[in-house]
Amino acid sequence: MVAPGTIAFAADDAAAVKTEDGKYFDKEGNPTYKVGADGTVDWYTYSGYRRYHSECHVCHGPDGMGSTYAPALQDSLKTMSYGDFVSVVASGRQSGNSVMPALGDNPNVACYMDDLYVYLRARAHDAVGRVRPAKKEDKPEAYTETEKSCMGAK
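In case it helps, the UniProt record's numbering puts the sequence shown at residues 1 to 154.
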């Protein structure tokens, strides 16, 4: 039985059911993580870990666990849709004295939105721990091309 006011998830809500160019998707078509039996994570989860710790952890705490002035994103991703995540990160949000700045113009965030979402989703579902993933899949060639395009490289 689930307590009132809580959200219950089926074990496979975030399960990867499709892969395309090294990116995994759930049954709804949202980006998701893939963790192998040996702990190997997909490239997007690994990259999301790195991007999170370069841009987001100052406010949202280590590993998405929150701080005194910013929410625990590992909890937020239990109920926040992919579209809402992208919208809040890109456009920002204000709630009382708490302000999430708009980061849609920051290429170090905007270019890696999926990576951040995938990493935090993996944290929300306890698929990855609080440490840098020790094993990762190789960086997909399609990822490199998208990254170059987004960052303006020729």
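Cβ atoms here follow ideal geometry from the backbone N, Cα and C, with glycine treated the same way. Everything numeric in this text was worked out from a predicted model, so none of it was measured.
- Item | Cut-off 6 Å between Cβ atoms - residues of its own chain near N30, not counting five sequence neighbours on either side | Within the sequence shown, numbered from 1, the residue matching residue 30 stands at position 30. Y82, listed in sequence order.
- Query: T68: buried (16+ other C-beta within 10 angstroms of its C-beta) or exposed?
  - Reply: Indexing the sequence shown from 1 puts residue 68 at position 68. That one is exposed.
- Skipping 5 residues on each side, what residues in its chain have a beta carbon closer than 6 Å to that of R51? Translated into positions along the sequence shown, residue 51 becomes position 51. Within the same chain, R51 has close Cβ partners Y112, D115, L116.
- Message: If I measure Cβ to Cβ from A124 and keep anything under 6 Å in the same chain, skipping five residues before and after, which residues do I get?
- Response: Within the sequence shown, residue 124 is the residue found at index 124, counting from 1. So the qualifying residues of the chain are Q74, L77, K78.
- Message: Determine whether the beta carbon atoms of Y44 and K23 lie at a separation below 8 Å.
- Response: One-based indexing of the sequence shown puts residue 44 at position 44. One-based indexing of the sequence shown puts residue 23 at position 23. It is a contact, given that the beta carbons lie within the stated cut-off.
- the segment 128-146 touching the segment 99-106, judged by at least three CB pairs closer than 8 Å: no
- Message: Tell me the residue span of the alpha helix (DSSP H) that contains T144.
- Response: Here residue 144 corresponds to residue number 144 of the sequence shown, with the count starting at 1. Here the alpha helix (DSSP H) through T144 covers 141-151.
- Quick one, are the C-beta atoms of Y33 and A122 less than 8 Å apart? As a working note, residue 33 is residue 33 in the sequence shown. As a working note, residue 122 is residue 122 in the sequence shown. For Y33 and A122, yes; Cβs fall inside 8 Å.
- Query: When you compare only the Cα positions, how much space is there between H53 and D42?
  - Reply: Sequence index remark: in the sequence shown, residue 53 carries index 53 (1-based). Sequence index remark: in the sequence shown, residue 42 carries index 42 (1-based). Near 17 Å, if we compare the C-alpha coordinates of D42 and H53.
- Message: Once the 5 residues before and after F25 are set aside, which same chain residues still bring their CB inside 8 Å of it?
- Response: Taking the sequence shown and counting its residues from 1, one reaches residue 25 at position 25. Here F25 has A16, V17, K18, T19, P31, T32 as same chain residues with Cβ atoms under 8 Å from its own Cβ, once five neighbours each way along the sequence are excluded.
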